[in-house]
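Protein chains: 2
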Amino acid sequence: MGGEQTPVAGDGTIGKACDVLDQVAAFARPVRFAELLESSDFPKATLYRFLQTLTNQGMLSYDPDRQTYTPGLRLVRLAHAAWTQSSLAPIARPFLDALSAETGETVHLAQLDASQVLYVDKRNAAQPVEMYSQAGKVGPAYCTGVGKAMMAYLDETALDRAVSQQSYHKFTDKTLTSEAALRADLDLIRSRGYAIDDEEHEPGIICIACPILTSGGRMLGAISVTGSTERMNFQQLETWVPRVRRVADQIGTEAQTWRFPETRLNADKDRIQAT
Amino acid sequence: MGGEQTPVAGDGTIGKACDVLDQVAAFARPVRFAELLESSDFPKATLYRFLQTLTNQGMLSYDPDRQTYTPGLRLVRLAHAAWTQSSLAPIARPFLDALSAETGETVHLAQLDASQVLYVDKRNAAQPVEMYSQAGKVGPAYCTGVGKAMMAYLDETALDRAVSQQSYHKFTDKTLTSEAALRADLDLIRSRGYAIDDEEHEPGIICIACPILTSGGRMLGAISVTGSTERMNFQQLETWVPRVRRVADQIGTEAQTWRFPETRLNADKDRIQAT
DNA sequence: CTTTAAGTTCCAAATAATGAAACTGTGTTT
DNA sequence: AAACACAGTTTCATTATTTGGAACTTAAAG
C-alpha cells in the first residue's frame, strides 16, 4: 500500500521529529522501538533519541509494562487549542447544526491537511458527535466530495502538489484513478460551483459538497451532505445544493469578518466546573 | 554548566519547538508574531524560523489575511491517533457509559499531563448542569477530585514535581492553597482510597474520584462522579464510591491485560463512510 | 516624503545532532 | 553454567544545524 512515507523530509530537526510522530501515529496501535526502527530511515541511536525526547515532552507516551509508544496526551491538549482557536470550526458549528436539522442527513466539515481530507466536525442524523473519535479522522481527497471541492479551489502551486500526492487507490469501480481524470472533474467542479461524489469512495454512498471560500478567493475548507443510494438518488440530493452553497458562503464570510473575542485575563477559562 | 536561566527546560531543538507550540496554544486565540516575540525568550530571528518551520509542518496554521498563528490541523490528526491508540480512553468508554446511566450524574475520565488534569472523556448529567468542560480541556490538579486522586498515587519523584508545579490559586474559600495542605489531603486519599472535591474548584460543585491503577500500582488516570450541592450532599454522593472504585479497578485491569486488536493490512480504517 | 514599526534575510560563531560501535541487561539455547 | 541472541542504551569524535546580532525590506502612520 503505497504512499505512507512523507517525502517532505526537510525542515531540519523539527521536520524529522514530526515525521517520527506521524510514523508512530501511522501504526494505529501501540508500537515497539524495534518495529519503528524497521520502518524508519533513521539509525538506531538517532531514532532512540527522538523517541526519548518526544516522550519526555509528552508528544509521545510510553507504556513501560508493554514497552510500547503511542502518540501522547500533549497532542490532545494542543489539538483542543487548535480546534477552539480555529477560525473555521467554531464558526461553522451552528451552521452545521442547522443544516443537519434541515436535511436530516449526515453533514461534514472538512479541511485540507497535507493533501488529505481531515474531518473537522460532523453531524450524524442518528448519533451525537464525539469529538476525538469522529473529528480528527483523515480520508482521501481525490475520491471524496469535500476533498475534490477543496482541491478545485487551490491555487496552481498547491493544486499541483496536492494532485501529485494522491494515491489513486481504486476503492470502487467509480473511483477516479488518474491525475487526468481528477483534473477534469476539478474543472467541472469549478464551473458548477460544487462537487459530487458518486460512490467513488464507498459503494452506496453519494454526496454533494461546496467549498468554503473567503471573499478574496482563499479556500478554507468544505462542507458536504451525504446520502445513501438506498434511500435517495442524486436528483433528491442535489436539491440541497443551493442551501449548502449558501451556508458555505455564510461560513466563509463570517470566518473572514470574525475577530476572536477579547479574553479577559482572569475569568476566561475558569468555566470548567468539572472535578 | 549551570543553565539556571531558562524557566522552561529544553530538550534541545525539539523541546524549544514544543515550547513554541504551547506558547501559541496558551494565547487561546489567533496570535501575531510580535505578540509571541514579546512573551518569548527567543530572539526575533530564532522565533521567526521556528514559526516558519512549524507552520510548514502543519503543526501551526497561519492566517495570511490576519497575519496570525494558531495551532495547526496536523495536531488534530495526531490527537485523534492519540485518543484511539491510548490504552485507557477506548477501554474506559463503555464503563463511563454504564456509570453515567446508573448515576445520572456527570462523569469524567482524566489523565495527568504536565502536572495538570486533562479531561479525556466525559458523560453529561441527565439533568445537565451548565457545563463547559470537554475532552481535551485541561484543569488544575490540586483542587479537583480527579487531580488529587491521581497525584496521591504518583511515585515519590513524580509527586514532588507535581506538587511543586501547582499554582495554588484560591478559586473558592475551600481551595487548598499550600503544598502542606495538599500533601495532607493526599495522605488521606491514599488511606481512604478515593478523593473528594468539596467545592474546592467551583462553588456548588462537589465530586468523588477514584484513581485507575494497574495491578503493579502504576497510576493510569482517574474517574469521577460530580454533583451539585443544590441537588445533593456528600452523604448521597459517597454512596457511589464503591461503584466508582469497582469501575476504576475494572478499567485498570482491562487496560493492563488488553492487547491492541491485530489490524489487517487491508480493510483497516476504510469504514469512514464520509465524503 | 519622512518616520516608525513589523516582518524577513544573512552569515560567522556556537551549539546541537549524528551514527558506528561498544555496552548492558534480559531471556534463551547449548 | 557458560555461551548466545536480542532489544534497548550509552559514548564520543565528527559533521551539520541552529543561533542571533545586525542589516535589510516592506507596510503603515505621521
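Here the protein sequences come in this chain order: A and B.
Under UniProt numbering, read the first sequence as residues 1 to 275, first letter to last.
Under UniProt numbering, read the second sequence as residues 1 to 275, first letter to last.
Heads up, the beta-carbon is just placed ideally off N, CA and C, and yes, glycines get one too.
For the pair T253 (chain A) and G217 (chain B), the Cα-to-Cα distance works out to about 54 Å.
Three or more Cβ pairs closer than 8 Å define a contact, and the region 84-101 of chain B falls short of that threshold against the region 40-58 of chain B. In the three-state DSSP reduction, D22 (chain B) falls in the helix class (H, G or I). Shown here, P242 (chain B) sits in a helix according to DSSP, grouped into three states. Residues of the region 67-92 of chain A that bring their beta carbon within less than 7 Å of a beta carbon in chain B comprise T70, P71, G72, L73, R74, L75, V76, R77, L78, A79, H80, A81, A82, W83, Q85, S86 and S87, in sequence order.
Listed along chain B are T214, G216, R218 and Q256, each with a C-beta nearer than 8 Å to that of D65 (chain A). In the three-state DSSP reduction, P94 (chain B) falls in the helix class (H, G or I). In the DSSP annotation of this structure, the continuous segment of the alpha helix (DSSP H) that includes G145 (chain B) starts and ends at G145 to M151. For Q111 (chain B), the residues of chain A that pass the 7 Å Cβ criterion are L73, in the order they occur in the chain.
One alpha carbon belongs to V107 (chain B), the other to F95 (chain A), and they sit about 29 Å apart. At least one CB of chain B lies nearer than 7 Å to the CB of D11 (chain A). Taken in chain order, the complete alpha helix (DSSP H) segments of 4 or more residues contained in the region 169-241 of chain A are 179-192 and 234-238. Cβ neighbours of M219 (chain B) within its own chain (closer than 8 Å, five residues either side excluded): L112, M150, Y153, L154, P211, I212 and L213. Taking CB atoms only, L118 (chain B) has a neighbour in chain A less than 7 Å away. Membership of A158 (chain B) in the alpha helix (DSSP H) is indicated by the continuous run E156 to Q165.
Between Q235 (chain B) and chain A, the shortest Cβ-Cβ separation is not below 7 Å. Under the 7 Å criterion on CB atoms, T157 (chain A) is classed as non-interfacial with respect to chain B. Between the alpha carbons of S39 (chain A) and G12 (chain A) lies a gap of roughly 20 Å. Among the residues of chain B, those whose CB is under 7 Å from the CB of V138 (chain A) are R77, following chain order. Taking 7 Å as the cut-off, the Cβ atoms of L75 (chain A) and L51 (chain B) do not count as close. Contact with chain A is absent for L188 (chain B), since none of that chain's Cβ atoms lies less than 7 Å from the residue's Cβ. Within the region 29-75 of chain B, the beta strand (DSSP E) runs of at least 3 residues that lie entirely inside it are, in chain order, 60-63 and 68-71.
A straight-line Cα-Cα distance of about 5 Å links T177 (chain A) and Y168 (chain A). Between P203 (chain A) and C143 (chain A), the alpha-carbon positions lie close to 12 Å from each other.
In the structure shown, D249 (chain B) falls within a helical segment according to DSSP collapsed to helix, strand and coil. Between S100 (chain A) and R66 (chain A), the C-beta spacing is not below 7 Å. For K122 (chain A), the enclosing beta strand (DSSP E) covers residues Q116 to R123.
Of B:Y62, B:K148, B:K44 and B:P64, the smallest CA-CA separation from R192 (chain B) is found for B:K148. One alpha carbon belongs to D198 (chain B), the other to K174 (chain B), and they sit about 7 Å apart.
In the DSSP assignment, A110 (chain A) falls within the beta strand (DSSP E) that extends over T106 to D113. Of all alpha-carbon atoms in A:A248, A:Q236 and A:K170, the one lying nearest the alpha-carbon of G104 (chain A) is that of A:Q236. The C-beta of A17 (chain A) comes closer than 7 Å to at least one C-beta of chain B.
Residue state for G12 (chain B) is assigned as helix, using DSSP reduced to three classes. Neighbourhood of A25 (chain A) in chain B, by CB distance below 9 Å: R77, L78, H80, A81, A82 and Q85, in chain order. If the five residues before and after W240 (chain B) are omitted, its C-beta is found closer than 7 Å to the C-beta atoms of T103, I208 and V225, all from its own chain and listed in chain order. Contact check for V120 (chain B) against L109 (chain B) passes: the beta carbons are separated by less than 7 Å.
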